[in-house]
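Right, one structure below, let's go through it.
Residue numbers (full-length UniProt numbering): 1 to 188.
Below is the structure:
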């Protein structure tokens, strides 16, 4: 795995399309118990070369009920966004992940896991990539138990996603307790 991660971190396939240049952000270990599959690093992650070290990451760790040390241990959590580099800004927020990245690298990484990790699919892009369905994000999350034990579907924890979270109060009461229990089971 170490050689593959080095190769990924040197990738420049999307360089012509990246406004800030390539800076692939990934973390994984053959022992990873949980895979965090999300969209792509944001600008802060790109600048600091650390994924989820922002308000979205703090909320995600609250949802998972883990501390920073547990979260950033690759034996616990693999950080495997669909795009490893910051894609830039669009009219309504960050652009979608570059389409070249996940097909090029994901299977190479996931084939090296020693166990069957839980894939936490964060946001619509990762859910569409892994589940290949046409459901809406809300419909998937309402039916989250149908994807277990392999996948757990989540909305993005971004503060700008407050509208969805306020509109779907059942997420906190019905989904998060199951998520926390599943995470504790995997980490124990």
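Each residue gets a CB set at the ideal place from its N, CA and C atoms; glycine is no exception.
Since the model is a prediction, treat every value here as computed from it, not as a measurement.
- Message: Pairs of beta-carbons, one from the stretch 11-18 and one from the stretch 96-105, closer than 8 angstroms: are there three or more?
- Response: yes
- Task: Can you give me the start and stop residues for the alpha helix (DSSP H) that residue 45 sits inside?
- Result: Per DSSP, residue 45 is one residue of the alpha helix (DSSP H) stretching across 43-48.
- Query: Which one of 141, 35, 31 and 156 has the shortest CA to CA distance from residue 59?
  - Reply: Put simply, of 141, 35, 31 and 156 the residue whose alpha carbon is nearest the alpha carbon of residue 59 is 156.
- Run through the UniProt domain "Uracil-DNA glycosylase-like" (25-180) for me and flag every whole alpha helix (DSSP H) of 4 or more residues, listed as ranges in chain order. 43-48, 55-64, 68-71, 101-110, 124-131, 137-142 and 162-167
- Message: Quick check on residue 184: does DSSP put it in helix, strand or coil?
- Response: If DSSP states are grouped into helix, strand and coil, residue 184 belongs with the helices.
- Since residue 35 contacts residue 119 with CB under 8 angstroms, what's their CB separation in whole angstroms? 5 angstroms
- Item | Terminal residues of the alpha helix (DSSP H) in which residue 3 lies | Boundaries of the alpha helix (DSSP H) around residue 3: 2-9.
- Message: Less than 8 angstroms between the C-beta atoms of residue 123 and residue 184, yes or no?
- Response: no
- Sequence-distant residues of the same chain with beta carbon closer than 8 angstroms to residue 200, five excluded per side: This structure leaves residue 200 out entirely; the chain is present only between 1 and 188.
- Task: For residue 16, name the three-state secondary structure that DSSP assigns.
- Result: helix
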